[in-house]
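*Asks:* Reading the sequence shown from the start, the letters are residues -32 to -1, 1 to 622 in mature numbering (1 follows the signal peptide of the UniProt record, and there is no 0). Could you have a look at this structure, given as structure tokens, before my questions?
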Amino acid sequence: MESSVPLYSSSYLLLLLLPSLSLLLPPPQATASPLSEATALLHWKSTLQDPSRALRSWAALHNSTTTSPCSWLGITCTSSRITKLSLPRAGLVGTLDASISPPFPPSPCSTLRRNFLAGAIPAAVANLSGLVSLDLSHNRLSGGLPASLATLSLLVKLDLSANELTGKIIPALFADLRSLVQLDLNSNNLTGSIPRSLGNLTRLAILRLSYNQISGNLPHELGNLSNLGVLSLFTNQLSGPIPHEIGGLQSLELLGLSQNRLHRSHSAVHRQSEPAVYFVCNQNQISGGLPPELGKLANLENVHFAYNLLTGSIPSSLGNLTQLNHLYLLFNQLTGPIPRELGKLENLEVLMLYNNSLTGSIPSSFQKLTQLQVLYVGMNQISGSIPSYLGNLTTLQSLSFYGNQISGTIPHELGNLVNLTDLIVSSNQISGSIPTSLCNLTRLSDLEVFENQLSGPLPREMANLTSMVNLQLGYNNFSGFLPSDLFKGGQLQWLSMINTHFEGPVPQSLRNYLDLIDLSYNRLYGELSANWGACRNLTTLHMSGNMIGGKIPPELGRLPHLASLDVSSNQLFGEIPRELLRLALLELNLSNNQLSGVIPLEIGNLYSMTALDLSMNSFTGAIPKQLGGCTRLRILKLSMNGLNGSLHSRSGIL
């Protein structure tokens, strides 16, 4: 969910809050000549691997007394002195040791991001006392943060994100870096707590410590950072309340606290200051109600409180957030009706209310949400019908009403939603037939209508849904023949039609993308085709409770990924194909058929099998002792056959 926060936000803030680096650079130091600088750079080059030859321009001239590095790739000079070293994505392999040892040029700006630099950050980084910007992100640096970083008093930007750094953030490390505007330590393995001393960095505009293992409480001293625009602390082990001082950060645009253990304190939103834009607090332990004051933050574009313990109703004041694009309140304990005031959010693109205890119907005011792309209200207690006006919201891509108390029919107007990819209305009380208009939705890839009261035949036009990946129609009251052309072309991977009352011949084969098929408890007849052996992605094949006859085709043994086979309660006869027992089956159910012969000894090769049911057939002979080696077996049914002997399991469960 965090991906919805624009990546440009931090760069934009830095442009606003960070003066031009050229104004902050110290005057060129006269202690090193161009020749000595070139020599140091060439020495560092000699310690590196450069498979892409990014440093091929780094070479001494024939007259070495005039060698100057200012024309080399990645080098910027001012008054013949190096002021910037920039080699991002150069494919360099090596360490930093030689790059910061005298007489290496003390360039104020160094960017070596997205290379393959490894090892520790050397303590000799203190030699780079004139450093203003240091970007070593997206490398393989390890070890702790060196205490010598504290001597870089001119540092404005420090980005060490996406490395393998470990250890704690030493409180004294950043205490005196009063010029620091951006500190990014994202995506490392840092531990310990957030130092209170960070509250002294009053110029700080961007603070990113996400994706570490930082624990403890949020220090209230962070409330001193009056220029802070981005506070990103995603995916740590932070606990305790959100300090009320954070609510006073008037420059804060992004507050990212998701995936921690923070609990109730809505003081961070009990504020009337601007310009908060993003509140991202998913996956914590925040409880209580959403504060109505949230509706006063008129610039909010994203509100994320998913996977928390929120209770009470959704404040109607959220309807004042006219800039809101995304509202994520899924997986909480919210109650009451969906406020009709949310219909005023004309910029809303994503509304996620899934898995709460909301009641009432979908507000008629939602017909004004002309920018809406995703509407997820599943797993609530919503009643009424699916509004027909949704067919006018042509930007809709994803609709989920799963697990409610919705009745009525599927509106034929939904066939106007040309951008729709997902329609999920399962586990409701919907009746009527599947509208033929849905067959016009050529982008539809997920259609789930199981556990309703739908009836009538399937539209033959469903064969036009060539983008379909997941089709779930089970537990309805359909009638008529299973359309043979339903299975032509397309990308179908999941097909579930369990207990749908279809009749007709069992399909001869399906497309090779198929992963799961469940046609159980219908009125299908005929024989299983050998062509099923060509569906090489198949993991689950269930056709129990039909009238399928003939033999089990040995070609099913060609399905390398098949894990579950259930053809029970049919009219199959003959022996168990030995080819079937070469698979890595987890579940095999052949019960209640007319199968005969002996149980092949090869059945003992199914070491991973957890459930085997061969009951109610005509098998004869001894129970194979090899079954005792199937130590993961939890369900074994062999009754109502002509078998003899006993079985002793090495696992002791049989």
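Glycine included, each C-beta is placed from N, C-alpha and C at the ideal position. All figures in this text were calculated on a predicted structure; none of them were measured in a lab.
For Q440, count neighbouring C-beta atoms within 10 Å of its own C-beta (all shown protein chains included) and say buried if the count is 16 or more, exposed if not.
*Replies:* Q440 should be labelled buried.
*Asks:* Taking the CB atoms as reference points, tell me whether H231 and I254 lie closer together than 9 Å.
*Replies:* In contact: H231 and I254 (Cβ atoms closer than 9 Å).
*Asks:* Could you give the C-beta distance for L604 and L574, rounded to a whole number, given that I count them as a contact under 8 Å?
*Replies:* At roughly 11 Å, the Cβ-Cβ gap does not stay under 8 Å, so L604 and L574 are not in contact.
*Asks:* In the segment 72 to 150, which residue ranges form an unbroken beta strand (DSSP E) of at least 3 residues, counting only runs that do not cross its ends?
*Replies:* Runs found: 77 to 79, 84 to 88, 101 to 103, 108 to 111, 125 to 127 and 132 to 136.
*Asks:* Checking 9 Å against the spacing of the C-beta atoms, do E547 and R526 come in under that value?
*Replies:* In contact: E547 and R526 (Cβ atoms closer than 9 Å).
*Asks:* Expressed to the nearest angstrom, what Euclidean distance is found between the alpha-carbon atoms of M608 and S532?
*Replies:* Their Cα atoms are separated by approximately 23 Å.
*Asks:* Please identify the residue among L206, I174, L199 and S284 whose C-alpha is closest to the C-alpha of Q181.
*Replies:* Nearest of L206, I174, L199 and S284 to Q181, Cα basis: L206.
*Asks:* Taking the CB atoms as reference points, tell me whether E381 and N408 lie closer together than 9 Å.
*Replies:* Against a cut-off of 9 Å, the Cβ pair of N408 and E381 comes out as no contact.
*Asks:* Nearest by alpha-carbon distance to S116: which of A92, M320, L123 and V124 is it?
*Replies:* Comparing Cα positions, the closest option is A92.
*Asks:* Would you call T44 buried or exposed, if buried means 16 or more other Cβ atoms sit within 10 Å of its Cβ?
*Replies:* Exposed: under 16 other Cβ atoms inside 10 Å.
*Asks:* Just to confirm before moving on: does the CB-CB distance between G448 and N467 stay below 9 Å?
*Replies:* No, the Cβ-Cβ distance between G448 and N467 is not below 9 Å.
*Asks:* How about the segment 144 to 157 and the segment 125 to 136: do they share at least three Cβ pairs that are nearer than 8 Å?
*Replies:* With the cut-off at 8 Å, the segment 144 to 157 and the segment 125 to 136 touch.
*Asks:* Could you give the DSSP three-state label for R600: helix, strand or coil?
*Replies:* Correct three-state label for R600: coil.
*Asks:* Determine the extent of the beta strand (DSSP E) in which W462 is found, giving its start and end residues.
*Replies:* From DSSP, the beta strand (DSSP E) with W462 extends over W462 to S464.
*Asks:* Can you tell which of C598, M511, Q594 and P522 has the C-alpha that lies nearest to the C-alpha of N560?
*Replies:* Ranking the options by Cα distance to N560, first place goes to M511.
*Asks:* In whole angstroms, give me the CA-to-CA distance for P463 and D390.
*Replies:* At residue 463 the sequence reads Leu, which differs from the Pro that was named. If I take the Cα positions, the gap works out to 15 Å.
*Asks:* Would G610 pass as a contact of T588 if the rule is Cβ separation under 9 Å?
*Replies:* Yes, Cβ-Cβ distance for G610 and T588 is below 9 Å.
*Asks:* What's the C-alpha gap between L524 and W500?
*Replies:* The straight-line gap from Cα to Cα measures roughly 7 Å.
*Asks:* Per DSSP, which one or two residues make a beta bridge with Q539?
*Replies:* Paired residue(s): G517.
*Asks:* For residue 625, count neighbouring C-beta atoms within 10 Å of its own C-beta (all shown protein chains included) and say buried if the count is 16 or more, exposed if not.
*Replies:* A query on residue 625 cannot be resolved here, the shown segment of the chain reaching from -32 to 622 and no further.
*Asks:* N514 to I402, Cα distance in whole Å?
*Replies:* Each residue's alpha carbon lies about 24 Å from the other.
*Asks:* If the criterion is Cβ atoms closer than 9 Å, does the pair T508 and D486 meet it?
*Replies:* Contact: yes.
*Asks:* Can you tell me which of the three DSSP states Q440 falls into?
*Replies:* Three-state DSSP puts Q440 in a strand.
*Asks:* Any idea if P76 is buried or exposed, counting beta-carbon neighbours within 10 angstroms, 16 or more meaning buried?
*Replies:* Counting Cβ neighbours within 10 Å, P76 comes out buried, since at least 16 surround it.
*Asks:* Should residue 623 and P528 be called a contact, given that it needs their Cβ atoms to be closer than 9 Å?
*Replies:* No answer is possible for residue 623: it lies beyond the span of the chain, which begins at -32 and ends at 622.
*Asks:* Beta-carbon within less than 7 Å of S(-24)'s beta-carbon, same chain only, minus the 5 sequence neighbours each way: which residues are those?
*Replies:* Low per-residue confidence applies at S(-24): pLDDT is 43, beneath 50, and the placement is therefore not dependable, though the value from the model is reported in the following sentence. V198, E221 and L222, listed in sequence order.
*Asks:* Based on DSSP bridge pairs, tell me the residues matched to K52.
*Replies:* Its beta-bridge partners are T44 and C77.
*Asks:* For a test of the three-state rule: what should DSSP assign to H231, helix, strand or coil?
*Replies:* Three-state DSSP puts H231 in a strand.
*Asks:* Sorted by chain position, which residues of the same chain lie with C-beta nearer than 6 Å to L415's C-beta, five sequence neighbours on each side aside?
*Replies:* Taken in chain order, the residues that qualify are L391 and L439.
*Asks:* Can you round the beta-carbon distance between L364 and L388 to whole angstroms, since I take them to be within the 8 Å contact cut?
*Replies:* L364 to L388, Cβ: 6 Å. Contact.
*Asks:* I'd like to know whether the C-beta atoms of S285 and Q301 end up nearer to each other than 9 Å.
*Replies:* No, Cβ-Cβ distance for S285 and Q301 is not below 9 Å.
*Asks:* In this structure, does DSSP put residue 624 in helix, strand or coil?
*Replies:* With the chain covering only -32 through 622, there is no way to say anything about residue 624.
*Asks:* Does G613 pass the burial test, meaning 16 or more other C-beta atoms within 10 Å, or should it be called exposed?
*Replies:* The residue in question, G613, is exposed, as its Cβ has fewer than 16 Cβ neighbours within 10 Å.
*Asks:* Taking the Cβ atom as the reference point for each residue, do N228 and Y246 lie within a distance shorter than 9 Å?
*Replies:* Result no, Cβ atoms of N228 and Y246 do not sit closer than 9 Å.
*Asks:* Our contact map puts L563 next to L595 with C-beta atoms below 8 Å; I'd like the distance itself, whole angstroms only.
*Replies:* Going by Cβ atoms, the distance from L563 to L595 rounds to 17 Å, so no, they are not a contact pair.
*Asks:* Comparing C-alpha positions only, which one of L120, G263 and M347 sits nearest to A94?
*Replies:* Taking only the C-alpha atoms, the option nearest A94 is L120.
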